[in-house]
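Residue numbers (the working numbering): 1133 to 1528.
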């Protein structure tokens, strides 16, 4: 596949990877897990990110034959372990849950290459392929992608690229992502329209010092992320938003070891090229919604999706990705049959309820399980039709 040449993937045995300081441990399972436990492993490394997997070892009681889910974590300041609560919940309906683990950019050497919005999409597609690329029964059921917040953008693009290559995911779930940020625009969208890209870059991007592994790399630094989150939390308090109350009355899976406050306040440096291209591509050009997005010279259009089950999830009170910004993905995928479409809006829910806490576990997880079952059935049927035709390739 053309992605292999652009973003070659390495198995973890080939090198030692990045410094441990580049990531934050999820605290789910361990590398030497025994039966009945969860194994934590790095399944593959790419030039920038890596695929971390959590695998249940109680195969006899699994919810299905090897259901595999890829959580596409956002690159928006927080470490990917912000998705911890969602990963734990998904392990209740899947055998293996992978996470696109993006590192703190100040620990990524310059020789790893550039990492912009296109590279984000390409590495996401590569991780999805790595997670689902087996010839066994689980592989035939396909991989399920769950894009969260800004992670919904590379998830959507990667799914389109994979479909164009004849390897569509079985299901694609987009949760609180700005697929069309100009639709029901938020304060974030308005702020990003007010200044030129050149002025924005000069204001927020800095260079990693020579004392760190990523020396010379341009970054949007963590301290600015902390300032931004503090301002958001202050505004939430003034407006009666849900986050201050959720931080005080934590309903996560493990609020003692991994409280929401710790997950939120632990910030990382974001690659400067990615930050600026994300602003330009999504918040200025609105490339996904307008159907103009290209990745590595290839179109990433929703028209390529013909048999991938699609679920959009939104919070009615989300002030980061406002209602209808994610749901518009259905209009961008006109070739999907009605039977493979699902929509969910959580009343009284803000942004963080989509991936953390009781509402996520009780409402969103069952919806994800339903769309994954529908997608797997369509995926298996397409394989069977391809085998019957003698081709063995996914039917489009």
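Built from N, CA and C at the ideal position, the CB exists for glycine as well.
State the Cα-Cα distance for the pair residue i and residue j, rounded to the nearest angstrom.
i            : j            : result
residue 1316 : residue 1169 : 44 Å
residue 1142 : residue 1135 : 13 Å
residue 1506 : residue 1405 : 38 Å
residue 1449 : residue 1486 : 11 Å
residue 1469 : residue 1503 : 13 Å
residue 1310 : residue 1350 : 25 Å
residue 1153 : residue 1513 : 44 Å
residue 1497 : residue 1159 : 21 Å
residue 1207 : residue 1402 : 7 Å
residue 1149 : residue 1247 : 16 Å
residue 1479 : residue 1259 : 33 Å
residue 1229 : residue 1215 : 11 Å
residue 1329 : residue 1337 : 11 Å
residue 1304 : residue 1474 : 10 Å
residue 1295 : residue 1429 : 16 Å
residue 1465 : residue 1435 : 5 Å
residue 1441 : residue 1289 : 15 Å
residue 1443 : residue 1339 : 39 Å
residue 1451 : residue 1319 : 8 Å
residue 1373 : residue 1483 : 10 Å
residue 1267 : residue 1467 : Since pLDDT at residue 1267 reaches only 49, below the 50 mark, its modelled position is unreliable, and the value read off the structure follows with that caveat. Cα to Cα, the separation comes out at about 27 Å.
residue 1400 : residue 1239 : 10 Å
residue 1419 : residue 1293 : 15 Å
residue 1275 : residue 1264 : 5 Å
residue 1530 : residue 1394 : Examination of residue 1530 is not possible in this model, given that the chain is present from 1133 through 1528 alone.
residue 1499 : residue 1432 : 26 Å
residue 1237 : residue 1516 : 44 Å
Under the rule that 16 or more other beta-carbon atoms within 10 Å means buried, what is residue i, buried or exposed?
i            : result
residue 1326 : exposed
residue 1202 : buried
residue 1234 : buried
residue 1212 : buried
residue 1370 : exposed
residue 1368 : buried
residue 1335 : exposed
residue 1227 : buried
residue 1273 : buried
residue 1510 : buried
residue 1342 : exposed
residue 1321 : buried
residue 1331 : exposed
residue 1300 : buried
residue 1463 : exposed
residue 1157 : exposed
residue 1222 : buried
Starting from residue i, trace the beta strand (DSSP E) in both directions and tell me its first and last residue.
i            : result
residue 1303 : 1303-1307
residue 1177 : 1170-1177
residue 1230 : 1228-1233
residue 1446 : 1441-1447
residue 1183 : 1182-1188
residue 1477 : 1473-1478
residue 1277 : 1275-1280
residue 1202 : 1200-1204
Just to confirm the assignment, what range does the alpha helix (DSSP H) spanning residue i have?
i            : result
residue 1261 : 1249-1264
residue 1350 : No alpha helix (DSSP H) holds residue 1350; the beta strand (DSSP E) holding it covers 1350-1352.
residue 1220 : 1216-1222
residue 1323 : 1319-1325
residue 1335 : 1329-1336
residue 1288 : 1284-1296
residue 1079 : Limits of the chain in this structure are 1133 at one end and 1528 at the other, which puts residue 1079 out of reach.
Within 8 Å (strictly less), CB to CB, does residue i reach chain C?
i            : result
residue 1299 : Given the protein chain composition of this structure (a single chain), no chain C is represented.
Are the segment 1409-1418 and the segment 1243-1259 touching, with three or more C-beta to C-beta distances below 8 Å? yes
Contact between the segment 1173-1191 and the segment 1369-1379 (3+ Cβ pairs under 8 Å): no
Stretch-stretch touch, CB-based, cutoff 8 Å, three pairs: the segment 1346-1363 with the segment 1441-1460: no
Are the segment 1279-1297 and the segment 1386-1394 touching by the rule of at least three beta carbon pairs closer than 8 Å? no
Could you tell me which whole beta strand (DSSP E) segments of length 3 or greater appear in the segment 1362-1409? none
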